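A.B. asks: I have a structure here, written as structure tokens, and I will follow up with some questions on it.
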Amino acid sequence: MKEKPDIMALPVLICDDSSFARKQMKRALPDGWDVEVTFAGNGLEGVEAIRQGKGEVVFLDLTMPEMDGYGVLEAIRKEDLPAMVIVVSGDIQPDAQERVKNLGAMAFVKKPIDKTKAAQILTEFGILSDV
Numbered sequence: 479m480k481e482k483p484d485i486m487a488l489p490v491l492i493c494d495d496s497s498f499a500r501k502q503m504k505r506a507l508p509d510g511w512d513v514e515v516t517f518a519g520n521g522l523e524g525v526e527a528i529r530q531g532k533g534e535v536v537f538l539d540l541t542m543p544e545m546d547g548y549g550v551l552e553a554i555r556k557e558d559l560p561a562m563v564i565v566v567s568g569d570i571q572p573d574a575q576e577r578v579k580n581l582g583a584m585a586f587v588k589k590p591i592d593k594t595k596a597a598q599i600l601t602e603f604g605i606l607s608d609v
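Going from the sequence shown to this note's numbering is simple: count from 1 and add 478.
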């Protein structure tokens, strides 16, 4: 068995209470992007995954049981966790968008997200370079 080079796959967390939405989000990730995807079904699972280093990039829903997306953003900020968060939500009210930005989210995208929009946001924030 050959050793892998030192370059590690980027840990990506998709945190959404809908399994359909999680799968759709995974399909929207750019082809050929070297990532290791972890799924979380609620905010508590999401924060725990980030603590374990499984979410350098996080695609986060806002409306979830246990702990919502706002709670996840608050926990990330409070614990100073290393996560770049992109909120993907059906709740596109301006106050929701402003609130998540104030809590440290990098971007706010309306569900469902497609490959083009995902690649555009990831490139815009320097997370994705040419794959």
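Idealized CB from N, CA, C, for every residue including glycine. Small disclaimer: the values here were computed from a predicted structure and weren't measured.
1. Could you give the distance in angstroms between the alpha-carbon of isoleucine 591 and the alpha-carbon of methionine 503?
2. Taking the Cβ atom as the reference point for each residue, do leucine 491 and alanine 527 lie within a distance shorter than 8 Å?
3. Looking at leucine 540 and valine 565, is the spacing between their C-beta atoms short of 8 Å?
4. Could you check whether cysteine 493 and glycine 531 sit closer than 8 Å to each other, using their CB atoms as the reference points?
5. Note the first and the last residue of the continuous beta strand (DSSP E) segment covering methionine 562.
6. Quick check: the Cα distance between leucine 507 and alanine 597, rounded to an integer number of angstroms?
7. Let me know the secondary structure DSSP gives threonine 601 once reduced to three states.
8. Are the CB atoms of methionine 542 and aspartate 495 nearer to each other than 8 Å?
9. Please identify the residue among Glu602, Phe603, Ile605, Lys593 whose C-alpha is closest to the C-alpha of methionine 509.
C.D. replies: Based on what the coordinates show:
1. 7 Å
2. yes
3. yes
4. no
5. 562-567
6. 7 Å
7. helix
8. yes
9. What sits at residue 509 in the sequence shown is aspartate, not methionine. Among Glu602, Phe603, Ile605, Lys593, the Cα nearest to that of aspartate 509 is on Lys593.
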